[in-house]
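K.L.:
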């Protein structure tokens with residue numbers, strides 16, 4: 021559990037906390053957690069390199085929830101990329117908008133959390149694990165529960181579109197609960213969009229239960245405005261013989277913190293985590309990942325890559341836990357980074373904690389510049405220096421992008437990455 025001390029920004033959140041009638045015990049417990057422990061400060065080890073509280077205190081002036089904004093059908097069409105075919109669920113400043121969404125006859129059920137029997141809410145993403153989970157639990161007005169029935173293969177992707185813009189308040193708190201029953205398959209996509217360059221704080225929580233022998237892909241594109249502060253807590257429980265694959269691509273924002281946890285609850289589980297962060301300016305992106313192997317014969321694969329220039333900063337902290345009962349575990353973790361400027365910084369810390377003795381586990385990290393020999397090789401064959409750099413950087417990034425299983429989303433992100441890398445930032 022994160023250990024923190026109270027600070028000024030904690031009091032500002034509590035003073036401006038909304039009052040909602042749903043989930044009273046869960047919200048009260050969360051208030052006690054935030055009030056008792058506070059939000060993370062610089063001396064908190066888990067947030068050592070990413071002082072979210074300090075940034076919030078510096079730039080947020082209204083700690084109340086942001087009101088819904090004007091989002092039209094045309095706005096949505098403008099942000100659907102070529103080739104997309106599937107359902108989309110629209111969130112307007114963190115609040116689900118059924119009238120703007122399209123998911124009829126799609127093979128899954130959508131309910132408002134306040135109207136559903138959301139027994140699992142708060143049981144996968146526990147408020148005591150991270151103060152920002154507790155803060156979201158206090159602030160979210162309502163969220164959605166998505167249920168994939170037993171044996172159902174949802175053929176087309178399910179897209180979450182988050183439209184964000186400060187409006188009266190600056191706090192945006194999406195909440196999603198996904199339950200995938202046994203022997204089911206689904207692909208989820210997520211795209212966060214800033215409608216202007218004003219400051220806001222998006223603090224989201226997503227909980228996913230992946231049932232026995234189910235297969236779930238979840239791909240995210242973080243392309244918020246340059247003044248956006250983003251914290252996401254993404255918690256999954258993965259059951260026997262199930263596979264879950266996460267891919268997250270971070271391109272912009274002021275400060276972004278991603279907490280991703282995979283709990284492999286039984287034998288035969290597979291958990292995959294892939295990440296790419298392309299950072300310039302003073303963008304700060306922190307990826308904290310956690311894989312918990314609890315039973316034997318499970319597998320996890322993790323690859324995060326970063327390309328940084330200007331005065332940007334990347335943080336990677338990946339933890340793999342292998343419990344005593346988790347014999348025959350196979351776990352791989354790697355973080356690779358390329359720095360394109362002297363002022364770019366990466367702090368990387370891959371970690372393994374193993375209590376079992378019959379396992380195959382590896383972890384590692386690299387940080388450096390472009391391969392000068394490879395650059396010279398391409399230039400010697402008539403490719404100019406900037407184009408050669410772009411080709412090498414794209415090859416480096418492509419190893420992550422190939423894990424996005426929806427072709428249209430992969431192509432869309434691929435174009436954004438090529439545009440960014442073509443100019444070498």
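Numbering (the numbering used here), first residue to last: 21 to 445. Ideal placement from N, C-alpha and C gives every residue a C-beta, glycine not left out.
1) Can you tell me which of the three DSSP states residue 281 falls into?
2) So, for residue 375: in the same chain, excluding its five sequence neighbours on each side, which residues have a beta-carbon less than 7 angstroms away from its beta-carbon?
3) Which residue comes first and which comes last in the alpha helix (DSSP H) that contains residue 157?
4) Are the beta-carbon atoms of residue 284 and residue 89 separated by less than 8 angstroms?
5) Cβ of residue 454 within 8 angstroms of Cβ of residue 208?
6) As a quick exercise: from 212, 161 and 160, pick the residue whose alpha carbon is nearest that of residue 184.
7) Contact defined as beta carbons within less than 8 angstroms: I believe residue 420 pairs with residue 323. What is the distance between those atoms, to the nearest angstrom?
8) Decide if the segment 189–203 is in contact with the segment 162–178; the criterion is three or more beta carbon pairs, one per stretch, under 8 angstroms apart.
9) Would you kindly report the start and end of the unbroken alpha helix (DSSP H) that includes residue 343?
10) Using three-state DSSP, classify residue 439 as helix, strand or coil.
11) Below 8 angstroms between beta carbons: does that hold for residue 164 and residue 130?
12) Residues bridged to residue 294 by DSSP?
13) Could you tell me whether the segment 263–275 touches the segment 83–100, where touching means 3 or more Cβ pairs closer than 8 angstroms?
14) When you compare each of 205, 154 and 162 to residue 175 by their alpha carbons, which one comes out closest?
15) Tell me the DSSP secondary structure of residue 427 in three-state form.
16) If you compare alpha carbons, which of 121, 162 and 432 is closest to residue 136?
17) Express the C-alpha separation of residue 292 and residue 357 in angstroms, rounding to a whole number.
18) In chain order, what are the residue ranges of uninterrupted beta strand (DSSP E) at least 3 long that sit wholly in the segment 169–243?
19) Would you mind giving the Cβ-Cβ distance between residue 360 and residue 328, rounded to the nearest angstrom? I have them listed as a contact below 8 angstroms.
20) Closest to residue 254 by CA distance: which of 210, 231 and 408 is it?
21) So residue 382 is in the alpha helix (DSSP H); what residue range does that whole segment cover?
22) Express the C-alpha separation of residue 307 and residue 365 in angstroms, rounding to a whole number.
23) Please check the pair residue 58 and residue 36, which I expect to be a contact at CB under 8 angstroms, by giving their CB distance rounded to whole angstroms.
24) So, at 6 angstroms on beta carbons, what are the nonlocal neighbours of residue 441 in its own chain, with the 5 sequence-adjacent residues on each side left out?
25) Whole-angstrom Cβ separation of residue 32 and residue 69, contact assumed at under 8 angstroms?
26) Considering only residues of the segment 37–121, which uninterrupted beta strand (DSSP E) runs meet the minimum length of 3 residues and lie entirely inside it, listed in chain order?
27) In terms of alpha-carbon separation, which member of 113, 122 and 195 lies closest to residue 152?
28) Starting from residue 392, trace the alpha helix (DSSP H) in both directions and tell me its first and last residue.
29) Rounded to the nearest angstrom, what separates residue 336 and residue 105 at their Cα positions?
30) Just verifying my parser: in three-state terms, what is the DSSP assignment at residue 11?
31) Return helix, strand or coil for residue 24, following the three-state DSSP convention.
32) Give me the Cβ distance between residue 178 and residue 220, rounded to the nearest whole Å; I'm assuming they're in contact under 8 angstroms.
33) Please report the distance separating the alpha-carbon of residue 301 from that of residue 271.
34) Tell me the rounded alpha-carbon separation between residue 122 and residue 181.
35) Under 8 angstroms between the Cβ atoms of residue 252 and residue 224?
P.N.:
Reading it off the structure:
1) In the chain shown, residue 281 corresponds to position 261, counting from 1. Three-state DSSP puts residue 281 in a strand.
2) Taking the first residue of the chain shown as position 1, residue 375 is located at position 355. Once the five neighbours on either side are set aside, the close Cβ partners of residue 375 are 342, 343 and 344.
3) Along the chain shown, read from residue 1 onward, the residue named residue 157 stands at position 137. Per DSSP, residue 157 belongs to the alpha helix (DSSP H) from 151–159.
4) Position 264 of the chain shown, counted from the first residue, corresponds to residue 284. Position 69 of the chain shown, counted from the first residue, corresponds to residue 89. Going by C-beta atoms, residue 284 is not nearer than 8 angstroms to residue 89.
5) No answer is possible for residue 454: the residues shown for the chain start at 21 and end at 445.
6) For the purposes of this step, residue 184 is taken as the residue at position 164 of the chain shown. Among 212, 161 and 160, the Cα nearest to that of residue 184 belongs to 212.
7) Sequence index remark: in the chain shown, residue 420 carries index 400 (1-based). Sequence index remark: in the chain shown, residue 323 carries index 303 (1-based). Between residue 323 and residue 420 the Cβ distance is about 6 angstroms, and since that is below 8 angstroms, they are a contact.
8) yes
9) As a working mapping, residue 343 is identified with position 323 in the chain shown. It is not in any alpha helix (DSSP H) - residue 343 carries neither H nor E in the DSSP assignment.
10) Along the chain shown, one-based indexing puts residue 439 at 419. In this structure, residue 439 counts as helix in the three-state DSSP scheme.
11) Taking the first residue of the chain shown as position 1, residue 164 is located at position 144. Taking the first residue of the chain shown as position 1, residue 130 is located at position 110. Yes; because the gap between Cβ atoms is below 8 angstroms, this pair is in contact.
12) The residue given as residue 294 occupies position 274 in the chain shown. DSSP lists 267 and 323 as partners of residue 294.
13) no
14) On the chain shown, position 155 is the one that residue 175 refers to. Considering only alpha carbons, the answer is 205.
15) By one-based count along the chain shown, residue 427 stands at place 407. Helix at residue 427.
16) Reading the chain shown from its first residue, position 116 is the one you call residue 136. Selected option, being the one with the closest Cα: 162.
17) For the purposes of this step, residue 357 is taken as the residue at position 337 of the chain shown. For the purposes of this step, residue 292 is taken as the residue at position 272 of the chain shown. The straight-line gap from Cα to Cα measures roughly 19 angstroms.
18) 178–184, 195–200, 205–214, 221–230 and 235–243
19) Start at 1 with the first residue of the chain shown, and residue 360 comes out as number 340. Start at 1 with the first residue of the chain shown, and residue 328 comes out as number 308. That belief holds up - the Cβ atoms of residue 360 and residue 328 are roughly 7 angstroms apart, short of 8 angstroms.
20) Here residue 254 corresponds to residue number 234 of the chain shown, with the count starting at 1. That would be 210, whose Cα lies nearest to the Cα of residue 254.
21) Position 362 of the chain shown holds residue 382. Premise fails: residue 382 lies in the beta strand (DSSP E), 380–388, not in any alpha helix (DSSP H).
22) The residue labelled residue 365 in the question sits at position 345 within the chain shown. The residue labelled residue 307 in the question sits at position 287 within the chain shown. Each residue's alpha carbon lies about 14 angstroms from the other.
23) The residue you call residue 58 lines up with position 38 of the chain shown. The residue you call residue 36 lines up with position 16 of the chain shown. Contact doesn't hold; Cβ gap of about 15 angstroms is too wide.
24) Locating residue 441 in the chain shown gives position 421, counting from the first residue. Cβ neighbours of residue 441 beyond the five flanking positions: 410, 413 and 414.
25) Residue 32 sits at position 12 when you count from the first residue of the chain shown. Residue 69 sits at position 49 when you count from the first residue of the chain shown. Actually they are not in contact, since the Cβ atoms of residue 32 and residue 69 sit about 23 angstroms apart, beyond 8 angstroms.
26) 107–112
27) For the purposes of this step, residue 152 is identified with residue 132 of the chain shown, where counting begins at 1. Comparing Cα-Cα distances from residue 152 to each of 113, 122 and 195, the minimum goes to 195.
28) Along the chain shown, one-based indexing puts residue 392 at 372. Looking at the DSSP string, the run of the alpha helix (DSSP H) that includes residue 392 is 392–400.
29) Reading the chain shown from its first residue, position 316 is the one you call residue 336. Reading the chain shown from its first residue, position 85 is the one you call residue 105. Residue 336 and residue 105: Cα-Cα distance of roughly 33 angstroms.
30) A question about residue 11 goes unanswered here, because the residues of the chain that appear run from 21 up to 445.
31) Residue numbering aside, residue 24 sits at position 4 when the chain shown is read from its first letter. Any reading at residue 24 needs caution, since the residue's pLDDT is 42, under 50, leaving its predicted position unreliable; the model's value is listed next. Residue 24: coil per DSSP, three-state reduction.
32) The sequence position of residue 178 within the chain shown is 158, counting from 1. The sequence position of residue 220 within the chain shown is 200, counting from 1. About 25 angstroms; that fails the 8 angstroms criterion.
33) Here the question's residue 301 lines up with position 281 in the chain shown. Here the question's residue 271 lines up with position 251 in the chain shown. Their Cα atoms are separated by approximately 11 angstroms.
34) The residue labelled residue 122 in the question sits at position 102 within the chain shown. The residue labelled residue 181 in the question sits at position 161 within the chain shown. Cα to Cα, the separation comes out at about 11 angstroms.
35) Against the chain shown, residue 252 aligns to sequence position 232. Against the chain shown, residue 224 aligns to sequence position 204. Against a cut-off of 8 angstroms, the Cβ pair of residue 224 and residue 252 comes out as a contact.
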